[in-house]
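The working numbering applies: residue 19 is where the sequence shown begins, and numbers increase by one. Down below is the structure, laid out as structure tokens.
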Amino acid sequence: MHKTEKKARKIIFVTGNEGKFREVRDILAARGYEVIQNTDGYPELQEEELEPIAAYGALWAAGKLGMPVMVDDSGLFINALNGFPGPYSAFVEKNLGNKRVLKIMEDENDRSAVFKSVIGYCEPGAEPLTFTGTVEGKIAFEELGTGGFGYDPIFDYNGMTFGELSDVEKNKVSHRRRALDKFLEWLDYED
Ligand code: IMP
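In structure tokens:
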């Protein structure tokens, strides 16, 4: 890595997910970075862990675009379901949705779950880096709130779902915020 490359205050974020983009844009804007969305996409590896998926996506997109890029691979890991849907979170959200997930969880006493976000970052010709953030919560018994996106209305964090929080409140404690804090620490250190 060359120090000059890291001084750029603009970051290309490859994602088609508007919710992720909005959150990342707001969190990084507060730290002086402009986030530019790119919706070209990247191949998603089928892996049990999110880190290799994010690393490969960032590597691939940096090579394709010829510039430094970041990606975000995330998922909801429900303990009673042995971590399901985990890396299949996007597929499950699209094909089952929150109501069906709640149905599967109907008789489960252990409601504990973890949201995980892995930021992948790569500069052309360099190895990809990953930064992981997690937040622990519980699967609610019903969908609550209209904020956020995806699984937010069924993820209870300290008595309120992420769907009931404003973006500002969610961004203070979310898995994405925690992953971005690590990414920013690295970026600032390298500056
Ligand atoms: P992927 O990262 O594109 O593989 O998709 C992850 C899946 O988890 C998608 O269905 C997202 O909508 C969902 N997801 C990721 N982050 C969040 C979040 O912060 N809140 C709620 N759902 C999320």
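No residue lacks a Cβ here, since even glycine has one placed at the ideal position from N, Cα and C.
- Counting the other CB atoms within 10 Å of its CB gives ASP128 a total below 16, which places it among the exposed residues.
- Pairing GLY50 with GLY93, the inter-Cα distance amounts to about 27 Å.
- In this structure, GLY151 sits away from ARG118, with a CB-CB distance that is not shorter than 8 Å.
- ASP206 is not a Cβ neighbour of SER135, given a cutoff of 8 Å.
- Scanning the region 73-142 from its first residue to its last, the whole beta strand (DSSP E) runs of 3-plus residues come out as 87-96, 130-140.
- Rounded to the nearest whole angstrom, the CA to CA distance from ALA197 to GLU203 is 10 Å.
- In this structure THR148 is buried. Its beta-carbon is surrounded by 16 or more other beta-carbon atoms within 10 angstroms.
- Of the residues assessed, SER130 falls on the exposed side of the cut-off, its CB having fewer than 16 other CB atoms within 10 angstroms.
- Cβ contact annotation for GLY37 (same chain, cutoff 7 Å, sequence separation greater than five): GLY166, PHE167, GLY168, in chain order.
- Taking the Cβ atoms as the reference, TYR60 lies roughly 5 Å from ALA79, within the contact range of under 8 Å.
- For TYR169, the Cβ falls inside the 7 Å cut-off from some heavy atom of the ligand IMP.
- Distances taken from the Cβ of ASP90 to the heavy atoms of the ligand IMP include one shorter than 7 Å.
- With 16 or more other CB atoms across the displayed protein chains lying within 10 angstroms of its CB, PHE133 is buried.
- C-alpha of PRO146 to C-alpha of TYR139: approximately 6 Å in a straight line.
- By the neighbour-count definition (other C-beta atoms within 10 Å, threshold 16), LYS121 is an exposed residue.
- In this structure, GLY181 sits away from GLU160, with a CB-CB distance that is not shorter than 8 Å.
- A direct Cα-Cα distance of roughly 12 Å separates GLU41 from PHE31.
- Just measuring C-alpha positions, the residue of GLN55, THR57, MET88, ASN56 sitting nearest ILE71 is MET88.
- Nearest Cα to PRO142 within the set ILE45, GLU66, GLU62, PRO86: PRO86.
- Set against 7 Å, the gap from the CB of PHE201 to the closest heavy atom of the ligand IMP is not smaller.
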